[in-house]
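K.L.:
Numbering (the UniProt record's numbering), first residue to last: 1 to 347.
I'd like to ask you about the structure that follows.
Laid out in structure tokens, this is it:
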């Protein structure tokens with residue numbers, strides 16, 4: 001599910017009602033003055049799939065527990081939060097932006113949903129309140145970035161900090177608990193044997209995929225990332241597009257927060273820390289460029305699965321949590337370095 005806008009030096013920008021993005025293959029056609037073609041996204045995704053299968057094979061060979069059906073379902077639960085956050089982050093990064101606030105926002109929305117459940121509100125209401133809180137924070141971030149012209153990095157880094165402060169205040173530095181079994185279903189339940197978090201993840205990715213591939217808004221997202229000024233000249237409301245992608249990112253964080261809160265049946269001050277970097281790594285590993293304008297949602301899911309399998313395998317092998325942090329950090333650096341290499345090869 002990848003699209004890429006041609007730059008204005010290739011062809012004139014299409015009107016908003018037309019297909020605003022070329023396929024990866026079409027966008028990689030030779031151009032005058034180009035020394036080397038950027039590798040198609042399909043080949044990048046194939047390489048990622050090979051790396052994923054090799055990682056699975058290694059862990060399956062050295063850990064009998066890794067091969068069990070129970071562990072498979074554990075992985076699907078573990079990947080859910082990172083994958084859902086990464087789905088929202090894909091849209092943000094496609095516009096050339098960044099959202100560092102989603103980890104702290106997971107903590108806040110988990111607190112909102114757990115507190116609502118603890119006060120006797122129905123699980124669906126708790127879910128809606130968490131999603132609304134996520135959307136509101138996304139709206140604030142988007143407005144500051146798109147309307148006030150502030151740096152996405154600065155705005156979302158500040159949000160990462162103040163949101164964490166709000167969670168500390170809301171929990172009084174302790175923990176908030178709920179015992180609602182129906183609320184727990186969002187994070188612990190299953191439908192026909194399939195974990196509920198996995199089903200929610202698939203629904204989120206299906207929605208984001210349709211949004212990117214089948215809507216005018218999706219084409220505008222790619223257009224803004226490829227060349228915001230050219231998109232503006234064709235009638236695209238760049239501020240509106242930017243605001244909406246941050247709202248979507250906030251909604252995804254709200255859904256992820258509910259899953260975490262329902263799984264743990266509690267919310268603590270540091271909940272969600274580090275998820276923002278895992279989400280960004282999944283997006284970049286999946287082939288979406290940090291510079292915007294090129295990428296897709298399918299590779300993001302594969303990137304999130306690779307990270308989840310890596311963490312799960314290391315845990316089963318009793319790798320120290322300290323070393324796990326080092327390895328995860330190395331994966332993030334490798335993902336960013338890979339993106340830089342892709343950009344260099346595309347010049």
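Even for Gly, the Cβ is constructed at its ideal location relative to N, Cα and C.
1) Between the Cα of residue 105 and the Cα atoms of 161, 316, 288, 116, which residue gives the shortest distance?
2) Tell me the rounded alpha-carbon separation between residue 177 and residue 267.
3) What does residue 187 pair with, by DSSP beta-bridge criteria?
4) Can you tell me whether residue 431 is helix, strand or coil according to DSSP?
5) Using a 10 Å radius around the Cβ and a threshold of 16 neighbouring Cβ atoms, would you call residue 246 buried or exposed?
6) Going by C-alpha to C-alpha distance, which of 305, 155, 284 sits closest to residue 340?
7) Which residue's Cα is closest to the Cα of residue 168: 111, 207, 232?
8) Should residue 45 go down as buried or exposed, given a rule of 16 or more other Cβ atoms within 10 Å for buried?
9) Pick from 249, 191, 336: whose alpha carbon is nearest that of residue 138?
10) Based on DSSP bridge pairs, tell me the residues matched to residue 195.
11) Once you ignore the five residues that flank residue 117 on each side, which residues in its own chain have a CB closer than 6 Å to its CB?
12) Looking only at its own chain, which residues have a Cβ that is under 7 Å from the Cβ of residue 348, when we skip the five neighbours before and after it?
13) State the Cα-Cα distance for the pair residue 136 and residue 99, rounded to the nearest angstrom.
14) With distances taken from CA atoms, which of 310, 326, 317, 320 is nearest residue 82?
15) Between the alpha carbons of residue 244 and residue 142, how many angstroms are there, rounded?
16) Pull up the distance between the alpha-carbon of residue 251 and that of residue 298, whole angstroms please.
17) Unbroken alpha helix (DSSP H) runs of length 4 or more, entirely within the region 120 to 208: which are they?
18) Between 210, 95, 57, which lies nearest to residue 228 when the distance is taken from Cα to Cα?
19) Are the region 257 to 273 and the region 184 to 198 touching by the rule of at least three beta carbon pairs closer than 8 Å?
20) Residue 296 lies in the alpha helix (DSSP H); which residues open and close that run?
21) Tell me the rounded alpha-carbon separation between residue 59 and residue 238.
22) Using the Cα positions of residue 287 and residue 261, report the straight-line distance between them to the nearest angstrom.
23) If you measure between the beta carbons of residue 102 and residue 85, is that distance less than 8 Å?
24) Under the rule that 16 or more other beta-carbon atoms within 10 Å means buried, what is residue 197, buried or exposed?
25) Roughly how many whole angstroms lie between the Cα atoms of residue 271 and residue 201?
26) Can you give me the Cβ contacts of residue 273 inside the same chain, cut-off strictly under 6 Å, excluding the 5 residues immediately before and after it?
27) May I have the straight-line CA-CA distance separating residue 114 from residue 258, to the nearest angstrom?
28) Distance check for residue 295 and residue 209, CA to CA, integer angstroms please.
29) Per the DSSP calculation, residue 266 is bridged to which residue(s)?
30) Is residue 323 close to chain C, meaning its C-beta is less than 8 Å from at least one C-beta of that chain?
31) I need the DSSP call for residue 98, collapsed to helix, strand or coil.
P.N.:
Per the coordinate set shown:
1) 161
2) 7 Å
3) The partner list for residue 187 (beta bridge, DSSP) is empty, contrary to what the question assumes.
4) An answer regarding residue 431 cannot be provided, because it is not within the stretch 1 to 347 covered by the chain.
5) buried
6) 284
7) 111
8) buried
9) 249
10) 190
11) 126, 178, 180, 183
12) Only positions 1 to 347 of the chain appear in the structure, and residue 348 is not among them; the question remains open.
13) 14 Å
14) 310
15) So the two alpha carbons sit approximately 7 Å from each other.
16) 19 Å
17) DSSP runs (the alpha helix (DSSP H)) wholly in the region 120 to 208: 123 to 146, 152 to 171, 181 to 188.
18) 95
19) Judged by pairs of C-beta atoms under 8 Å, the region 257 to 273 touches the region 184 to 198, as three or more such pairs exist.
20) Note, residue 296: premise wrong, no alpha helix (DSSP H); beta strand (DSSP E) at 294 to 296.
21) 45 Å
22) 30 Å
23) yes
24) buried
25) In this structure, the alpha-carbon of residue 271 lies about 20 Å from that of residue 201.
26) 103
27) 8 Å
28) 12 Å
29) In the DSSP output, where bridge partners are listed per residue, residue 266 has 177.
30) This model lacks chain C altogether, as it is built from one protein chain only.
31) Residue 98 sits in coil when the DSSP states are folded into three classes, being neither helix nor strand.
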